[in-house]
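Accompanying notes for the structure given below.
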Amino acid sequence: MDPKAETPQTGAETPPRRRISRRASIIGSVIAVIILAGTGWLAWHLTHPSADSAAGGFVGGRRGAPATTVGVATAERASIPIVLEALGTVTPQASVRVTPQVSGVMQKVLFKEGQMVKAGELLATIDPRQFEMALMQATGQRQRDEAQLDSARVQLQRYKTLLEQDSIARQDVDTQAALVKQLEGTVVIDKANEGTARLNLGYTRVVAPVSGRVGLRTVDVGNVVSSGDANGIALITQITPIDVVFAIPQDQVGELQQNAAKGVAMQVTALDRTRAVTLDTGTFASLDNQVDITTGTVKAKARFTNSELKLYPSQFVNVRLQVRTIANAIVVPVTAVRMGSNGEYVYVVNTKERTVSLRPIKRGQATVDKVVIASGLEAGERVITEGADRLKDGASV
188 MDPKAETPQT
198 GAETPPRRRI
208 SRRASIIGSV
218 IAVIILAGTG
228 WLAWHLTHPS
238 ADSAAGGFVG
248 GRRGAPATTV
258 GVATAERASI
268 PIVLEALGTV
278 TPQASVRVTP
288 QVSGVMQKVL
298 FKEGQMVKAG
308 ELLATIDPRQ
318 FEMALMQATG
328 QRQRDEAQLD
338 SARVQLQRYK
348 TLLEQDSIAR
358 QDVDTQAALV
368 KQLEGTVVID
378 KANEGTARLN
388 LGYTRVVAPV
398 SGRVGLRTVD
408 VGNVVSSGDA
418 NGIALITQIT
428 PIDVVFAIPQ
438 DQVGELQQNA
448 AKGVAMQVTA
458 LDRTRAVTLD
468 TGTFASLDNQ
478 VDITTGTVKA
488 KARFTNSELK
498 LYPSQFVNVR
508 LQVRTIANAI
518 VVPVTAVRMG
528 SNGEYVYVVN
538 TKERTVSLRP
548 IKRGQATVDK
558 VVIASGLEAG
568 ERVITEGADR
578 LKDGASV
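Residue 224 in this note's numbering is what sits at position 37 of the sequence shown, and the numbering runs on without skipping anything.
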């Protein structure tokens, strides 16, 4: 093949290839411009609100800022109980150590450890034989002296009759009258001795002085017991009803005394250590007569029926004392009230404009989660409870 014949063909293909390369370059430039324009538009859109948002409000006085997401609650009317909380100790109304009144051998033990007993119930007996003998001796002595007294009285009556007949000296009559008085005194002593012997015999029957629960037994049958034993026979603790002693701040004493003077029954609730289980419900009973200077508190006592025996002596419980109830009060969550340089305030939601207004308020009593608004807020208004740290007066929400 002749090389010279191919040269014109190669030269003829060069212009179309140059045109294709130029077109590709132009298309690439157009695509790059479009991408840059789209990126710029997206960046502007993200940093500028829409017309509706820009017209809706402003944050901190800067119009056009985005709205803030917040939590709201409605002010409502409710009855709020004013409650004092404290840590209390369960205290029995009576705790009696049963001790024998006479010495002797323990003959019977009639109670079981932990048993509930009633006042007057027989718990144990002491060998009564020596006391029965002492009673018989005292009775015999009284009967003998009473017989001598009767004889002396008869003799005195005879002497008086003879004296009227002037048949006996007055001295004999006076002597007999003195003997009668002496024997009357002896009989009185005999009766006292007989009563003591009968009382000692009765003490051989050991009975429960109060109703309650018997503790662990401290003596067994066959042991010699006496009134000087420190441990006695048993310990009885009265648990129905039972008291709870707790401390209240001294600032609350006046109101509690006024309620007590008016006869207002203040409810007291005893809770377990987790505050989740109610052990019993009772009433306020009394206040101590002085303030503890180390703590600034006053001891108070509440009384519980303890019908289910959930309160145990010396047990620690959480106490809730309902002092009074504020009826028909305007309340909001505690998280809605904030403190500023000019006092306490809340953020009120303007529903139509979807903005907030700073509203000064005056707070009243508070519970764990609710607070009473004494002034500055009406029932039905919505207040901010969450997200208020990011807000200012007039902010969009």
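Even for Gly, the Cβ is constructed at its ideal location relative to N, Cα and C.
Residues bridged to residue 549 [DSSP beta-bridge criterion]:
Along the sequence shown, one-based indexing puts residue 549 at 362. DSSP lists 562 as partners of residue 549.
By DSSP, does residue 239 sit in helix, in strand, or in coil?
Residue 239 sits at position 52 when you count from the first residue of the sequence shown. Reliability fails at residue 239, whose pLDDT of 40 lies under 50, so the model's placement of it is uncertain and the value that follows must be treated cautiously. Note: residue 239 maps to helix in three-state DSSP.
Cα separation between residue 380 and residue 335?
Position 193 of the sequence shown holds residue 380. Position 148 of the sequence shown holds residue 335. Spanning the alpha carbons of residue 380 and residue 335 requires a straight line of approximately 18 Å.
What number of angstroms, rounded off, separates the C-alpha of residue 318 from the C-alpha of residue 453?
Position 131 of the sequence shown, counted from the start, is the residue given in the question as residue 318. Position 266 of the sequence shown, counted from the start, is the residue given in the question as residue 453. Near 53 Å, if we compare the C-alpha coordinates of residue 453 and residue 318.
Coil, strand or helix - residue 331 by DSSP:
Here the question's residue 331 lines up with position 144 in the sequence shown. Per DSSP, reduced to three states, the secondary structure at residue 331 is helical.
Could you tell me the alpha carbon to alpha carbon distance between residue 486 and residue 303, rounded to whole angstroms?
In the sequence shown, the residue the question calls residue 486 occupies position 299. In the sequence shown, the residue the question calls residue 303 occupies position 116. Distance between the alpha carbons of residue 486 and residue 303: 30 Å.
By a C-beta neighbour count over all protein chains shown, 10 Å radius and 16 as the cutoff for buried, is residue 323 buried or exposed?
Stepping through the sequence shown from its first residue, residue 323 is reached at position 136. Exposed is the call here.
Does residue 320 come out as helix, strand or coil in the three-state DSSP assignment?
Residue numbering aside, residue 320 sits at position 133 when the sequence shown is read from its first letter. Looking at residue 320 - three-state DSSP - the assignment turns out to be helix.
Inter-residue Cα distance where the pair is residue 412 and residue 316:
Looking up residue 412 in the sequence shown gives position 225. Looking up residue 316 in the sequence shown gives position 129. Spanning the two alpha carbons is a distance of roughly 15 Å.
Taking the C-alpha atoms as reference points, what is the distance between residue 193 and residue 221?
Locating residue 193 in the sequence shown gives position 6, where the first residue counts as 1. Locating residue 221 in the sequence shown gives position 34, where the first residue counts as 1. Since pLDDT at residue 193 reaches only 44, below the 50 mark, its modelled position is unreliable, and no value is offered.
Length of the line joining the Cα atoms of residue 557 and residue 545:
Here residue 557 is taken as the residue at index 370 of the sequence shown, counted from 1. Here residue 545 is taken as the residue at index 358 of the sequence shown, counted from 1. The alpha-carbon atoms of residue 557 and residue 545 are separated by roughly 20 Å.
List the DSSP bridge partners of residue 503.
Here residue 503 is taken as the residue at index 316 of the sequence shown, counted from 1. Looking at the DSSP assignment, residue 503 forms a beta bridge with 276.
According to the neighbour-count rule (16 or more other Cβ atoms, all chains shown, within 10 Å of its Cβ), is residue 170 buried or exposed?
Look at the range of the chain in this structure, 188 to 584, and you will see that residue 170 is not part of it.
Comparing C-alpha positions only, which one of 260, 561, 437 sits nearest to residue 550?
In the sequence shown, residue 550 corresponds to position 363, counting from 1. Of 260, 561, 437, the smallest CA-CA separation from residue 550 is found for 561.
Helix, strand or coil at residue 350 according to DSSP, with G and I counted as helix:
Against the sequence shown, residue 350 aligns to sequence position 163. Residue state, collapsed to three classes: helix.
Counting only runs that start and end within the segment 338 to 398, where is the beta strand (DSSP E) found for 3 or more residues in a row?
Assignment of beta strand (DSSP E) within the segment 338 to 398, counting only whole runs of 3 or more residues, yields 392 to 394 in chain order.
Would you check if the distance between the CB atom of residue 498 and the CB atom of residue 474 is smaller than 8 Å?
Taking the first residue of the sequence shown as 1, we reach residue 498 at position 311. Taking the first residue of the sequence shown as 1, we reach residue 474 at position 287. No, the pair does not count as a contact, with Cβ atoms beyond the cut-off.
For residue 265, the residue or residues it bridges with in DSSP
In the sequence shown, residue 265 corresponds to position 78, counting from 1. Paired residues: 516.
According to the neighbour-count rule (16 or more other Cβ atoms, all chains shown, within 10 Å of its Cβ), is residue 387 buried or exposed?
On the sequence shown, position 200 is the one that residue 387 refers to. It is buried - the Cβ of residue 387 has at least 16 other Cβ atoms within 10 Å.
If I follow the unbroken alpha helix (DSSP H) through residue 585, where does it start and stop?
Look at the range of the chain in this structure, 188 to 584, and you will see that residue 585 is not part of it.
My assumption, with CB atoms under 8 Å, is that residue 528 sits in contact with residue 254. Please give the rounded CB distance.
Here residue 528 is taken as the residue at index 341 of the sequence shown, counted from 1. Here residue 254 is taken as the residue at index 67 of the sequence shown, counted from 1. Not a contact, Cβ separation roughly 26 Å.
My guess is that residue 397 and residue 281 are in contact by the Cβ rule of under 8 Å, so how many angstroms apart are they, rounded?
Stepping through the sequence shown from its first residue, residue 397 is reached at position 210. Stepping through the sequence shown from its first residue, residue 281 is reached at position 94. So it is a contact: roughly 5 Å between Cβ atoms.
With the cut-off set at 8 Å, would you say residue 446 and residue 266 are in Cβ contact?
For this step, residue 446 is matched to residue 259 along the sequence shown. For this step, residue 266 is matched to residue 79 along the sequence shown. No. Outside cutoff.
Own chain residues within Cβ distance below 8 Å of residue 242, not counting five before or after:
Indexing the sequence shown from 1 puts residue 242 at position 55. In this prediction, residue 242 scores a pLDDT of 35, lower than 50, which makes its location untrustworthy; the coordinate-derived value is nonetheless stated afterwards. The same chain holds no residue with a CB closer than 8 Å to that of residue 242 once the five nearest residues on each side in sequence are set aside.
Quick check: the segment 266 to 277 against the segment 498 to 511, are there 3 or more CB pairs under 8 Å?
Three or more Cβ pairs closer than 8 Å define a contact, and the segment 266 to 277 meets that threshold against the segment 498 to 511.
In angstroms, rounded to a whole number, what distance separates the CA positions of residue 466 and residue 494?
For the purposes of this step, residue 466 is taken as the residue at position 279 of the sequence shown. For the purposes of this step, residue 494 is taken as the residue at position 307 of the sequence shown. Each residue's alpha carbon lies about 10 Å from the other.
Classify residue 325 as helix, strand or coil using the three-state DSSP reduction.
Start at 1 with the first residue of the sequence shown, and residue 325 comes out as number 138. In the structure shown, residue 325 sits in a helix (DSSP, three-state: H, G or I).
Can you check whether the CB of residue 554 is closer than 8 Å to the CB of residue 520?
By 1-based counting over the sequence shown, the position of residue 520 is 333. By 1-based counting over the sequence shown, the position of residue 554 is 367. Against a cut-off of 8 Å, the Cβ pair of residue 554 and residue 520 comes out as no contact.
Stretch pair the segment 413 to 429 + the segment 284 to 293: three plus CB contacts closer than 8 Å
Short answer: they touch.
For residue 457, report the span of its beta strand (DSSP E) as first-last.
Residue 457 sits at position 270 when you count from the first residue of the sequence shown. 454 to 458 is the span of the beta strand (DSSP E), which, as asked, contains residue 457.
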